[in-house]
Structure formats: C-alpha cells, structure tokens
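Student: Numbering of the sequence shown is given in our numbering, commencing with residue 627 and proceeding in unit increments. Here a beta-carbon is modelled for each residue, glycine too, at the ideal position from N, C-alpha and C.
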Amino acid sequence: MGIAVTTGEHDYTLDSKNRLVVPPSYREALVRENGTHFWLTTALGDDACLWFFLPSQWEKLLEDFNEQTKTVKDKTQVRKLRSQIFGKAAPSAPDEQGRILVPHNLKEFAELKKDIKFVGMGNKAEIWDETKYAKFESSAHAAMTKLAKELDL
627 MGIAVTTGEH
637 DYTLDSKNRL
647 VVPPSYREAL
657 VRENGTHFWL
667 TTALGDDACL
677 WFFLPSQWEK
687 LLEDFNEQTK
697 TVKDKTQVRK
707 LRSQIFGKAA
717 PSAPDEQGRI
727 LVPHNLKEFA
737 ELKKDIKFVG
747 MGNKAEIWDE
757 TKYAKFESSA
767 HAAMTKLAKE
777 LDL
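Right under this line is the structure:
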C-alpha cells in the first residue's frame, strides 16, 4: 500500500469542545490504512497552523527524519527539531461523527477560533484558522506566481 495523499481545501467549524470534522476523503484514507487515529503537530516556520497526518504519512515523516538527520553534525539542533515536531505531536482518533479532538495546546499554537480550513499538501494537510489562512494566501500569491514561472508550471 502506498502513502495516502491529502488534497483540496475543506472548510469546517471547530466546536465549543475543540472538536473538528475531518474531511471525508481523509477519513476514508484512514479506513483504507486500517488506522485508528490521525496525527497533529505544530507547523514549522512562521506559519501559525497545524500539520495533520494520516498514519502512513506520519510513519514516512519519522523514517525520513531519522534517515536525513543521520549526517547532521549538530545533534543539538536535531534534538530541538525532533522536540518541535514529535514532542508536540498528539494522536487524535475520529469519533462516530468523524470529528477529532484538537488538544488545547495545539489549538492555542495555531490560534484556531471557529472557522477552520483544512489545506491538503499532498504528504500532509495543514489546519488553519480561516482568517489567518486568507491573509497567508493573499500575501503569498505574488511569491507563488514568481516561483511557478521559475518552475515553468
């Protein structure tokens, strides 16, 4: 079985108990993988969003991280990065309505309010507060256009 792919933009609402509906295609992929839960963690960089992984994507991230950091000389930086990605990670199993619980610390990190957007990134999805995502998308448009031209897309 290959790695599942997460695509598309999906709008949902975070309820008062910090539960969030997972897009049906992602839930179907979880079933195909015989998985029981998704993985959530903080995004790296300046983006205040969460990373969302299917089990196969999470395992691949862990394998790739371990392989790619073998040759890094500064093991302190590797440890800090490992702590940022894996130390803040939380499994979240969907309930019968297809909702996952977003842990409070992750909700606060991403500044999630009520209106939420899942953004498929192929090897993961991002979970954004919709207002923050609109600002990000607006500011990134010119840079994306330039890069797309460079890549001849």
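Starting from Gln727, trace the beta strand (DSSP E) both ways and give me its first and last residue.
Tutor: The residue you asked about is not Gln; residue 727 is Leu in the sequence shown. Start and end: Arg725 to Leu727.
Student: What is the rounded straight-line gap between the Cα of Gln683 and the Cα of Leu666?
Tutor: Looking at the two C-alpha atoms, the distance is approximately 11 Å.
Student: Looking only at its chain, what residues have a beta carbon closer than 6 Å to the beta carbon of Ala736, apart from the 5 residues adjacent to it on each side?
Tutor: Closer than 6 Å at Cβ, skipping near neighbours: Ala674, Cys675 and Leu676.
Student: Which whole-angstrom value describes the C-beta separation of His636 and Phe744, a residue pair presumed to lie in contact below a C-beta threshold of 8 Å?
Tutor: With 8 Å as the limit, His636 and Phe744 qualify as a contact, their Cβ atoms being about 4 Å apart.
Student: Assuming contact is defined by CB atoms lying nearer than 8 Å, are Ala716 and Pro729 in contact in what I supplied?
Tutor: It is a contact, given that the beta carbons lie within the stated cut-off.
Student: Could you have a look at Met627 and say whether DSSP puts it in helix, strand or coil?
Tutor: No answer about Met627 holds up, because its pLDDT of 47 lies below 50 and its placement is not dependable.
Student: Can you check DSSP and say which residues form a bridge with Thr632?
Tutor: Paired residue(s): Gly748.
Student: Quick check on Pro650: buried or exposed, where buried means 16 or more other Cβ atoms within 10 Å of its Cβ?
Tutor: Result: exposed.
Student: Would you tell me roughly how many angstroms separate the C-alpha atoms of Phe678 and Lys701, rounded to the nearest one?
Tutor: Going from the Cα of Phe678 to the Cα of Lys701 covers about 26 Å.
Student: Pull up the CB-CB distance for Thr695 and Val704, whole angstroms please, since I reckon it's below 8 Å.
Tutor: Confirmed, Cβ separation roughly 5 Å.
Student: Can you say whether Arg725 is buried or exposed, counting buried as having 16 or more other CB atoms within 10 angstroms of its CB?
Tutor: Label assigned to Arg725: buried.
Student: To the nearest angstrom, report how far apart His767 and Ala760 are at their CA atoms.
Tutor: Distance between the alpha carbons of His767 and Ala760: 11 Å.
Student: The alpha helix (DSSP H) with Pro717 in it runs from where to where?
Tutor: Run containing Pro717: none in the alpha helix (DSSP H); it sits in the beta strand (DSSP E), Ala716 to Ser718.
Student: State the Cα-Cα distance for the pair Tyr690 and Gly634, rounded to the nearest angstrom.
Tutor: The question names Tyr, but residue 690 is Asp in the sequence shown. Each residue's Cα considered, the two are about 24 Å apart.
Student: Quick check: what's the CA-CA separation for Leu640 versus Lys758?
Tutor: Between Leu640 and Lys758, the C-alpha separation is close to 15 Å.
Student: Could you pull out every residue in the same chain whose Cβ sits closer than 6 Å to the Cβ of Asp755, ignoring the five residues on either side in sequence?
Tutor: Correct list, in chain order: Glu737, Leu738 and Lys739.
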